[in-house]
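In what follows, a structure is listed as structure tokens, so that the remarks can point back to it.
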Amino acid sequence: MTSLIGYLSASKQALKNLFSKPVTVMFPAEHVSLPKGYRGTPVLIPEKCTLCMKCERVCPTGAILIEKLDKKNGYFTIDIGKCCYCQECEKACNFDAIHLIDKWLTASDNKEDFVTKHFVQRNGKKKEE
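Residue 0 is where the sequence shown starts when you use numbering that gives the first Met the number 0, and the numbers rise one by one after that.
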């Protein structure tokens, strides 16, 4: 009797799926809209960074690395291959220097594509490497 109930339940679901709209899209020709509050790739705004290292300390996966050369200069590295998109770095930054953007197409077969490295100078001159 239970196998008959299971069969009927599965048949009902199959008929329902047969007449409903597909959930999948034809990627890459079609894209789904991202929900509000989506947390994507973290990016640095070097002009705002003070090398305070708060974001590095709160990052649970070690995706952020800050190498200070001296008191005013250093390298800021983000490895999105390690990032879990938790938004803790953005919350910890008092200077609005790091944000999670809505970029989600990050697939690559090259490990170096996941790493962004910025040279930060606190005296006002910034450049990206």
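For glycine and all other residues, C-beta sits at the position ideal for the given N, C-alpha and C. This structure is a prediction, so every number in the text was calculated from the model and none was measured.
Report the option in the options whose CA atom is closest to the CA atom of residue i.
i	options	result
GLY50	VAL24, LEU7, ASN72 and ASP95	The residue you asked about is not Gly; residue 50 is Leu in the sequence shown. The residue with the shortest Cα to Cα distance from LEU50 is ASN72.
ASP108	GLY80, SER8, LYS11 and PHE118	GLY80
ASP78	LEU104, SER10, GLU111 and GLU66	GLU111
In angstroms with no decimal places, state the Cα-to-Cα distance between residue i and residue j.
i	j	result
THR40	ALA28	22 Å
LYS124	LYS47	Caution applies to LYS124, whose pLDDT of 47 falls short of 50 and renders its modelled position unreliable; the value that the coordinates give is listed next. Their Cα atoms are separated by approximately 11 Å.
CYS54	LYS20	43 Å
THR76	ARG121	16 Å
GLU87	TYR37	14 Å
LEU14	VAL31	26 Å
LEU104	CYS82	14 Å
VAL24	LEU68	48 Å
HIS117	LEU64	11 Å
By Cβ distance, which residues of its chain are closer than 8 Å to residue i, with the 5 residues on each side in sequence left out?
i	result
HIS98	PRO41, VAL42, ILE44 and GLU89
Got a sec? Which residues, its chain only, sit under 6 Å from residue i by beta carbon, not counting five neighbours each side?
i	result
SER2	none
VAL114	ASP78
LEU17	none
Taking the alpha helix (DSSP H) that residue i falls in, what are its first and last residues?
i	result
VAL42	Counting along the chain, VAL42 falls outside any alpha helix (DSSP H), though it belongs to the beta strand (DSSP E) covering 41-43.
ALA91	87-91
Provide the residue span of the beta strand (DSSP E) that contains residue i, from first to last.
i	result
VAL114	114-120
LEU99	97-99
Just grab the DSSP bridge partners of residue i for me.
i	result
PHE75	ILE65 and HIS117
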